[in-house]
Structures are given as C-alpha cells and as structure tokens.
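Under the numbering used here, read the sequence shown as residues 8 to 153, first letter to last.
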Amino acid sequence: MVPILVGLWIGLAEAVAVVLFSALYFHIPISLNLPSLATVLYLSVATPLFEENLFRGLMLQGSMGFADYLKERGFIGSRRLFIFLVVVVQGAVFGALHLFKAAEIGVFLLHSALGIIAGFLVWKFGSLKPAIAQHAVYNLVIAFLV
C-alpha cells in the first residue's frame with residue numbers, strides 16, 4: 008500500500024508543479040475542466056497501464072534481469088550503475104515518444120523527467136504499481152486543470 012501512496016503523492020506533486028509553472032512562466036491559464044468519463048478512463052487507466060508496462064515493465068524490469076545476467080558473466084562491473092543508466096535511457100525514450108513537434112524541447116524534458124521518476128519508483132519498490140499510480144494521478148490532474 009505504501010508504494011502506491013508514494014506514487015499517488017508524487018504524481019499529484021508533479022502535476023501541481025507543472026500546472027503552476029505553466030501558468031506562471033508560459034501564462035497558460037488554469038481552468039477547471041470536466042472531462043468526459045471516456046477521457047477520464049483513458050487517461051487514468053488505459054494510458055498508465057499501457058505506458059508503464061511498456062517503459063517501466065518491459066524496458067526497465069527486463070533490463071534489471073539482463074543486468075544480473077551481465078554481472079554474473081563479468082560483462083559489467085556495477086549492476087546499480089547499469090540500472091541507473093537504463094532508468095535514464097527509458098525516461099528519455101518516454102520523453103521522445105511524447106514529442107509532437109521537433110521544437111518542443113520542454114515537452115521532451117518534462118516527460119523524460121516524469122519517466123525517470125517513474126523508473127526510480129519501480130527500481131525502489133520493485134513493482135509497477137507506484138509508477139502506474141503516479142502516472143494516473145498526474146494525467147487526471149492535468150486533464151482537470153489544463
């Protein structure tokens with residue numbers, strides 16, 4: 008239960024920070040939206056489940072097992088460093104796949120950071136649940152406030 012709560016709180020903090028930064032720096036107004044039920048389900052269930060299983064499940068957790076294999080055979084010296092690098096790379100790939108225009112470096116950096124934080128949650132707790140919770144709350148808050 009604690010990992011899920013950590014994910015929920017981190018997702019909420021990220022979303023509030025992004026909304027406030029966007030309002031103050033880019034002058035994007037904060038508005039209270041009421042998205043449709045389909046949008047809510049898509050943003051809070053389908054998207055987090057798919058993206059977290061792909062990026063943090065397949066890429067990160069798969070690489071953790073591969074790191075053990077490489078370490079046992081002497082191909083890498085530090086399992087922790089290898090996993091740290093995988094966390095950063097999967098976050099960057101996550102950020103890159105959220106780009107819609109090449110000029111949106113801010114979108115890339117934001118989503119890369121969100122992906123890296125989710126990666127560290129999975130690494131710390133050994134479960135996708137906190138990352139899914141983080142992703143779901145972040146998406147919902149953004150949907151309601153932007």
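Here a beta-carbon is modelled for each residue, glycine too, at the ideal position from N, C-alpha and C.
Whose C-alpha, out of the options, is nearest the C-alpha of residue i?
| i | options | result |
| --- | --- | --- |
| L116 | V95, K136, W130 and L128 | V95 |
| G10 | P36, A125, H105 and G113 | One detail in the question is off: residue 10 reads as Pro in this sequence, not Gly. The candidate whose alpha carbon is nearest that of P10 is A125. |
| F33 | V100, V114 and Q141 | V114 |
| S134 | Y76, D75, A99 and E59 | E59 |
| F151 | V26, L128 and A120 | V26 |
| Q97 | L61, L48, L39 and S38 | L61 |
| V13 | N40, S85, V129 and L147 | V129 |
Does the distance between the C-beta of residue i and the nearest non-hydrogen atom of the ligand GDP fall short of 8 Å?
| i | result |
| --- | --- |
| G126 | Absence of the ligand GDP is noted for the structure shown, with no ligands found whatsoever. |
Using the Cα positions of residue i and residue j, report the straight-line distance between them to the nearest angstrom.
| i | j | result |
| --- | --- | --- |
| L24 | G81 | This sequence places Ala at residue 24; Leu is not what is there. When rounded, the distance between both Cα atoms is 43 Å. |
| E79 | V144 | 38 Å |
| V100 | G18 | 19 Å |
| A30 | S38 | 10 Å |
| L121 | I83 | 27 Å |
Exposed or buried, which one is residue i when buried takes at least 16 other CB atoms within 10 Å?
| i | result |
| --- | --- |
| A103 | exposed |
| V52 | exposed |
| F127 | buried |
Quick one, are the C-beta atoms of residue i and residue j less than 9 Å apart?
| i | j | result |
| --- | --- | --- |
| S119 | F89 | no |
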